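Residue numbers (the numbering used here): 2 to 368. All residues carry an ideal CB built from backbone N, CA and C; glycine is no exception. Note that the structure is a prediction, hence the values are computed from the model and not measured.
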């Protein structure tokens, strides 16, 4: 293991100088001794020196968006050499493949531990109880979300019951016009969820809006969820404001409904801002300074004004990964960070997918 700048491992209850933190990360990722082969090989092609020409987060836009190269890069080349010959790798995970061949990323245990500690704090702020079981209806390997939430459940003292989703299969069915088969697959998912709800103690339900919609259609299941489940965590595809209000006030009035907005490319997700009213848009605050959001005009790549809509740009900066300037497939409204909370960059609200991305039609399906 190489010597690590303490800035890269700052305690979560402290607030590092963001630009000093970024410069420490750049020294780690672009040093031949500690950086990953991926970045060492590309350093000479950038047209600038990241160690001297990048002063802070405002300069990250100078980096090219290299996320598409993650479709075929060797996974080993993404691991910083500073972790030594036997890095503690949790898994190699892929994006959903919504916009073509999936991108691939490596999840190191050090980052996962950091993410779980932060995420658990966000759950506490929402009033989600610890020591309860979760029913996780989400993609597992090769996708990251299901595995991470299983570990999150254990971190918080509960058991995780899982129902696997295969988003790629559903998207393929929809693209081929096989909507009946896609619907039958979704009902197959709901049947599995129903059995677990009927037979096990479930405190938190995690699923996507399309799955939650099908659960709500079954009156007996909707009633069972409202009686047993303390919190419903919806992720993946988005939920419109009217549906969100209906679930909160009529369908599941006893359960706390909240959501997350994430991406494999940032190795995690932003959390819904606690305390939002039914009249507020769904606002997501990222895990700064590791996750930083910008909202830009898709044509000019200039940041839009607060309250305006644009395309989401995500940066990830941690000891385990540096992935800057990644243009995501989502539109959002640019929102200031929460008052009284330290944050770098923007928060985002009212997420919606673009219709086409990288010349591929965007199909959401069940996730």
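Residue of the options minimising C-alpha distance to residue i
i: residue 251; options: 224, 114 and 231; result: 224
i: residue 316; options: 89, 300, 35 and 67; result: 67
i: residue 102; options: 72, 295 and 46; result: 72
i: residue 147; options: 35, 268 and 341; result: 268
i: residue 352; options: 53, 207 and 308; result: 308
i: residue 194; options: 184, 342 and 162; result: 162
i: residue 35; options: 6, 58 and 15; result: 6
i: residue 328; options: 265, 45, 273 and 124; result: 265
i: residue 340; options: 276, 291 and 306; result: 276
i: residue 234; options: 220, 221 and 211; result: 211
i: residue 288; options: 181, 176, 156 and 121; result: 121
i: residue 69; options: 297, 256 and 325; result: 325
i: residue 153; options: 118, 171 and 138; result: 118
i: residue 37; options: 50, 13, 25 and 76; result: 76
i: residue 170; options: 85, 198, 244 and 183; result: 183
i: residue 97; options: 214, 14 and 168; result: 168
i: residue 91; options: 149, 49 and 178; result: 149
i: residue 4; options: 85, 337 and 298; result: 85
i: residue 335; options: 207, 156, 286 and 33; result: 286
i: residue 218; options: 197, 187 and 230; result: 187
i: residue 17; options: 330, 297 and 290; result: 290
i: residue 247; options: 230, 229 and 213; result: 213
i: residue 95; options: 258, 74, 47 and 158; result: 74
i: residue 245; options: 220, 229, 177 and 209; result: 209
i: residue 157; options: 292, 124, 176 and 29; result: 124
i: residue 332; options: 343, 310, 342 and 48; result: 310
i: residue 292; options: 258, 343 and 298; result: 343
Strand pairing of residue i, partner residues [DSSP]
i: residue 354; result: 331
i: residue 269; result: 264
i: residue 316; result: 293
i: residue 94; result: 106
i: residue 348; result: 336
i: residue 304; result: 297
i: residue 253; result: The partner list for residue 253 (beta bridge, DSSP) is empty, contrary to what the question assumes.
i: residue 284; result: 350
i: residue 258; result: 233
i: residue 310; result: 334
Assumed close pair residue i, residue j - CB separation to whole angstroms, cut-off 8 Å
i: residue 263; j: residue 273; result: Actually they do not touch by this definition, with Cβ atoms about 11 Å apart.
i: residue 349; j: residue 313; result: 6 Å
i: residue 346; j: residue 58; result: 7 Å
i: residue 191; j: residue 216; result: 6 Å
i: residue 256; j: residue 232; result: 6 Å
i: residue 27; j: residue 55; result: 6 Å
i: residue 164; j: residue 207; result: Contact flag wrong, Cβ pair sits at about 10 Å.
i: residue 198; j: residue 160; result: Not really, about 14 Å apart at Cβ, beyond 8 Å.
i: residue 196; j: residue 227; result: Incorrect: roughly 18 Å between the Cβ atoms, too far for contact.
i: residue 355; j: residue 330; result: 5 Å
i: residue 52; j: residue 31; result: 6 Å
Distance cut-off 6 Å: residue i Cβ against heavy atoms of the ligand GDP
i: residue 302; result: With respect to small molecules bound, the structure shown includes none, and the ligand GDP cannot be examined in it.
With three or more C-beta pairs closer than 8 Å as the rule, is the stretch 116-134 touching the stretch 201-217? yes
Counting pairs of Cβ atoms below 8 Å between the stretch 319-335 and the stretch 107-115, do you hit three or more? yes
Does the contact criterion of 3 or more C-beta pairs under 8 Å hold for the stretch 299-309 versus the stretch 277-284? The stretch 299-309 is not in contact with the stretch 277-284.
Tell me whether the stretch 112-128 and the stretch 48-63 touch, counting them as touching only if at least three CB pairs, one residue from each stretch, are closer than 8 Å. no
Pairing CB atoms from the stretch 238-258 with CB atoms from the stretch 142-151, are three or more of them under 8 Å? As far as the Cβ criterion goes, the stretch 238-258 does not touch the stretch 142-151, which means the pair count is below three.
Beta strand (DSSP E) segments (min. 3 residues) lying fully within the stretch 5-87: Within the stretch 5-87, complete beta strand (DSSP E) segments of at least 3 residues are not found at all.
Counting Cβ pairs, one atom from each stretch, are 3 or more of them under 8 Å apart for the stretch 116-128 and the stretch 76-85? The stretch 116-128, when compared against the stretch 76-85, does not touch it at the 8 Å Cβ threshold.
Would you call the stretch 14-23 in contact with the stretch 32-42, where contact means no fewer than 3 C-beta pairs closer than 8 Å? Verdict: no, contact absent.
Entirely enclosed alpha helix (DSSP H) segments - the stretch 131-185, minimum 4 residues: 146-156 and 168-176
Which full runs of the beta strand (DSSP E) of 3+ residues lie inside the stretch 192-251, going along the chain? 205-208 and 232-235
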